[in-house]
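Right, one structure below, let's go through it.
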Amino acid sequence: MKLRITIEGVSYEVEVEVLDDGSGVPAPTPSPAARSPQVPSGATAPASSTPASSAAKQPASTPPPASTDENVCRSPIAGTVLEVKVQPGDAVTLNQVLMVVEAMKMETNIAAPTEGTVKAVHVEAGDSVKPGQTLVEFE
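Here it is in structure tokens:
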């Protein structure tokens, strides 16, 4: 698929390959020539440019894991807590929404990484959170 991208007034014609069509079957590996970046005539690539494929290693739609510990839920992003939907003593199911965090005007639902009972909630609405910060502990 060919696309035209304009960066700071310079137009670039780029060729993009679809790596996953949603069927779960990976696309064929492209030839080495198809993977090398090409700059159209009359345009120069910035010295710090990197191939688009390096930016596509992890899709933007895949959020980072909420936690690496079984008994806690950590914030995957920096932001502001808009709403806390659980309190200590509540029984929660896997992927149940625990709270909503806003970052850059986007709301992100923070889901339970496990089933269990809420032991403690470490934040409240209006609090700022950092990536990796513990939000909820489970018994």
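Residue numbers (the numbering used here): 8 to 146.
Just so it is clear, CB atoms sit at the ideal spot from N, CA and C, and this is done for glycine as well.
message = Between V99 and E114, how many whole angstroms is the CB-CB distance? I'm expecting something under 8 Å.
response = Actually they are not in contact, since the Cβ atoms of V99 and E114 sit about 19 Å apart, beyond 8 Å.
message = Quick check on I117: buried or exposed, where buried means 16 or more other Cβ atoms within 10 Å of its Cβ?
response = buried
key: Proximity below 9 Å, CB of E90 to CB of V79   = The answer is no: Cβ separation not under 9 Å.
query = Is M8 helix, strand or coil when you go by DSSP?
reply = Of the three classes helix, strand and coil, the one that applies to M8 here is coil, per DSSP.
query = Identify the residues that DSSP records as bridge partners of S18: which are they?
reply = T13
ask   = In chain order, what residues of the same chain have a beta carbon less than 7 Å from the beta carbon of E146, not counting five sequence neighbours either side?
value = The answer, listed in chain order, is G123, T124, K126.
task = Return the bridge partner residues of P127 from the DSSP annotation.
result = The residue asked about is misnamed: residue 127 is Ala in this sequence, not Pro. Answer by DSSP bridge pairing, in chain order: E144.
query = Does DSSP put N102 in a helix, in a strand, or in coil?
reply = coil
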